[in-house]
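Note that the working numbering numbers the sequence shown so that position 174 is 194, with each residue one more than the last. All residues carry an ideal CB built from backbone N, CA and C; glycine is no exception. Structure, as structure tokens:
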Amino acid sequence: MMTNQLRTFERSQVRTDRPRNTARRSRAGSSRLARWAVLPIGAVVVTVLAGCTQQELQGFLPGGPDVTNHTEGVISLWVNSWIVLLVIGIITWALTIWAAIAYRRRKGQTGFPVQLRYNMPIEFFYTVVPFILVVGFFAFTAKEQTAIETDPGDPDVQIEVYGKQWAWDFNYLSDDVYSPGVQAQDRLGSDGNVDPDKLPTLYLPVGEKVQIDIASRDVAHSFWIVDFLYKKDAIPSHPNHMYFTPLKEGTYAGKCAELCGQYHADMLFQVKVVSPDEYDAYIESLRDAGQVGRLGPELDRNQNLPGNGATDED
Ligand SMILES: [Cu+2]
């Protein structure tokens, strides 16, 4: 009881301690400060943005906007999300620091400062703004995801990818040829490092509509072509799909993105996006090597798994 009375007294002290015109003076001071701050801050922002590399402009994501028909959308979702979040962050940090400085304890003040409660405009503001943000992020993510996941139908090339401990098999279903993969540990160059040219390599024709069917022979893996900015799980008896059009020729690194066992790190592969002519030549080289047909579910480890399509004869 006594303490409460004391607090009430102290609060009234705090209120009376502060002359009214101090607040007005400090408000005038801060608007003058803001006017002076606009110029240097603007100059810094312009200079920094003008000096941006492509890597920085795409928020340090690997690859680039022209790697597949989906990468531009993914990059713009990523970068714009960061811009929105940084603006919100700067406003929040500025308000936090301002409140800490403007309402700091001043000489001669004791007890609690005036407590602010039930301020409807402020409570409404910090309920509605996060709600708009969450709905906005959800909507843009759903839109981008739908664009990536929708089956455009009629693929020019259909390829089946099998993850296995610890490599990848590629079945070029449209051309009825295959390429079996061996884990990176067994593919070292003379210097003892992994020789990328000896890794399992997936060939893709540039500018053509690709469908990839992703499957697993044993445990859950994840098929990830880093620069394509997309990955998808390879789950036993649950085929997944990827649809895209590679737009830029080049060699891209791929890896397993799901911890799948002791040699998970050896599940490296390469993707070579080549001209349609080079692609056809590669397919012919597989045919010439006698790699005709498909390395199908008959090689799966668990032949009793429901839905793996294996029959008694397998
Ligand atoms: Cu794996």
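Can you tell me the Cβ-Cβ gap for residue i and residue j, rounded? I've got them flagged as a contact below 8 Å.
i: residue 239; j: residue 282; result: So it is not a contact: roughly 11 Å between Cβ atoms.
i: residue 289; j: residue 222; result: 6 Å
i: residue 274; j: residue 246; result: 7 Å
i: residue 306; j: residue 200; result: Residue 306 to residue 200, Cβ: 10 Å. No contact.
i: residue 79; j: residue 99; result: 5 Å
i: residue 252; j: residue 243; result: 6 Å
Taking all protein chains shown into account, do 16 or more other C-beta atoms lie within 10 angstroms of the C-beta of residue i, making it buried, or fewer, making it exposed?
i: residue 293; result: buried
i: residue 280; result: buried
i: residue 258; result: exposed
i: residue 261; result: exposed
i: residue 198; result: buried
i: residue 61; result: exposed
i: residue 165; result: exposed
i: residue 225; result: buried
i: residue 181; result: buried
i: residue 75; result: exposed
i: residue 110; result: exposed
i: residue 264; result: buried
Helix, strand or coil: how does DSSP classify residue i here?
i: residue 288; result: strand
i: residue 254; result: strand
i: residue 154; result: helix
i: residue 73; result: coil
i: residue 130; result: coil
i: residue 170; result: coil
i: residue 43; result: Because residue 43 sits at a pLDDT of 49, beneath the cut-off of 50, its placement in the model cannot be relied upon, and the point is left open.
Can you tell me where the beta strand (DSSP E) with residue i in it begins and where it stops?
i: residue 93; result: Counting along the chain, residue 93 falls outside any beta strand (DSSP E), though it belongs to the alpha helix (DSSP H) covering 91 to 122.
**OP:** Identify every run of the beta strand (DSSP E) within the stretch 176 to 252, keeping only runs that are complete inside it and at least 3 residues long; order them along the chain.
**Re:** Fully enclosed beta strand (DSSP E) runs of 3 or longer: 177 to 184, 187 to 192, 197 to 199, 221 to 225, 230 to 236, 241 to 245.
**OP:** Within the stretch 263 to 324, note down every full beta strand (DSSP E) run reaching 3 residues or more, in order along the chain.
**Re:** List check, beta strand (DSSP E) in window: 270 to 276, 288 to 294.
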